[in-house]
Amino acid sequence: DAGVIQSPRHEVTEMGQEVTLRCKPISGHDYLFWYRQTMMRGLELLIYFNNNVPIDDSGMPEDRFSAKMPNASFSTLKIQPSEPRDSAVYFCASSQGLAGGGTLQETQYFGPGTRLLVL
Amino acid sequence: DQQVKQNSPSLSVQEGRISILNCDYTNSMFDYFLWYKKYPAEGPTFLISISSIKDKNEDGRFTVFLNKSAKHLSLHIVPSQPGDSAVYFCAASGSARQLTFGSGTQLTVLP
Chain Y
1 DAGVIQSPRH
11 EVTEMGQEVT
21 LRCKPISGHD
31 YLFWYRQTMM
41 RGLELLIYFN
51 NNVPIDDSGM
61 PEDRFSAKMP
71 NASFSTLKIQ
81 PSEPRDSAVY
91 FCASSQGLAG
101 GGTLQETQYF
111 GPGTRLLVL
Chain W
1001 DQQVKQNSPS
1011 LSVQEGRISI
1021 LNCDYTNSMF
1031 DYFLWYKKYP
1041 AEGPTFLISI
1051 SSIKDKNEDG
1061 RFTVFLNKSA
1071 KHLSLHIVPS
1081 QPGDSAVYFC
1091 AASGSARQLT
1101 FGSGTQLTVL
1111 P
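Line by line, the protein sequences give chains Y and W. To convert, note that position 59 of the first sequence is 59 in the numbering used here; the numbers rise steadily by one, no gaps. With the second sequence counted from 1, adding 1000 to any position gets you the numbering used here.
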């Protein structure tokens, strides 16, 4: 398996523009997570899906952020309009289960991330 | 308010010596803890985990210790190798089964 695939790897845009980040999870994984990494806040969970359904979006910072998962093999994170403070690395991860039982099924596999710079 | 804290942003260790990375948490409902390792331009990868019913878990050169009364866990790497140079993230989960990450510690192993 190719692992979790994210695109683009790098994105530079101007304030006010729409940004769309894409993710293809590992086949057979029922959970998909979007994280954001910044120097100030570290790695924080934005939203996660189970079987394509959003379960918890309490980490989404503002209404400018939205995420969708139209099918089991594709998810998007959209920022509209983008602002300079959105500059960060955005990671997508997938797993077969949720953390807690100590089985390999719960391990989250991360993609390489999208480095976003909003000017 | 950060529920998982890694107070040392960086650590340097000589090759062959022990590396000790520390992590503190504030939420007493956390019952599962993990360490992830991250190389530049890559996503974090799972390293080792421990359940709150244990106080130690070992996997090769990596050992995680959990002190529930102090709400503290640590990762020991023995012996340290240059390839271990990376950012290490501590993470915890509770009943919601979501991961809360610390801010990471950059480990540099000097040859």
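C-beta atoms are modelled at their ideal positions from N, C-alpha and C, and glycine is treated no differently.
Taking 8 angstroms as the threshold, the shortest C-beta distance from Ala99/Y to chain W falls below it. Assigned with DSSP and collapsed to three states, Arg1061/W falls in coil, not helix or strand.
The beta carbon of Ala1041/W falls within 8 angstroms of a beta carbon belonging to chain Y, placing the residue at that interface. Comparing alpha-carbon positions, the option among Val1109/W, Thr1108/W, Gln1098/W, Ser1049/W lying closest to Tyr35/Y turns out to be Gln1098/W.
Along the segment 1091 to 1106 of chain W, going in chain order, the ones with a CB nearer than 7 angstroms to a CB of chain Y are Ser1093, Arg1097, Gln1098, Leu1099, Phe1101, Gly1102, Ser1103, Gly1104. Looking from the CA of Ala2/Y, the closest CA among Leu43/Y, Thr38/Y, Pro25/Y belongs to Pro25/Y. Within the segment 40 to 69 of chain Y, those residues whose Cβ lies closer than 8 angstroms to any Cβ of chain W are, in chain order, Arg41, Gly42, Leu43, Glu44, Leu45, Tyr48, Asp56. For Phe91/Y, a Cβ of chain W is located within less than 8 angstroms of the residue's own Cβ. With a threshold of 8 angstroms between beta carbons, Thr1045/W makes contact with chain Y.
In this structure, Ser95/Y sits near Tyr109/Y, with a CB-CB distance shorter than 8 angstroms.
One thing to note: Ser1008/W has its Cβ no nearer than 8 angstroms to the Cβ of Leu1110/W. The Cβ neighbour count for Ala1086/W, taken over all protein chains shown within 10 Å, is at least 16; the residue is labelled buried.
Interface criterion not met: the Cβ of Phe1030/W is under 8 angstroms from no Cβ in chain Y.
Taking a beta-carbon distance threshold of 8 angstroms, Phe1089/W counts as an interface residue toward chain Y. Excluding residues up to 5 positions away in sequence, Lys78 lie with their Cβ nearer than 7 angstroms to the Cβ of Ser66/Y in the same chain. Using a CB distance cut-off of 8 angstroms, Pro8/Y does not count as an interface residue toward chain W. Considering only beta carbons, no part of the segment 1003 to 1014 of chain W lies closer than 7 angstroms to chain Y.
Leu1047/W sits away from Phe1030/W, with the two beta carbons spaced by 8 angstroms or more. By the rule that beta-carbons nearer than 8 angstroms mark a contact, Gly16/Y does not touch chain W. Counting only Cβ-Cβ distances below 9 angstroms, Pro112/Y has contacts in chain W at Ala1041, Glu1042, Gly1043, in chain order. For Ile55/Y, the enclosing beta strand (DSSP E) covers residues 53 to 56.
Gly59/Y and Gly1104/W do not touch by the CB rule: their CB atoms are close to 18 angstroms apart, not below 8 angstroms.
With a threshold of 16 other beta carbon atoms within 10 Å, Glu11/Y meets it and is buried.
At least 8 angstroms separates the CB of Leu1066/W from every CB of chain Y.
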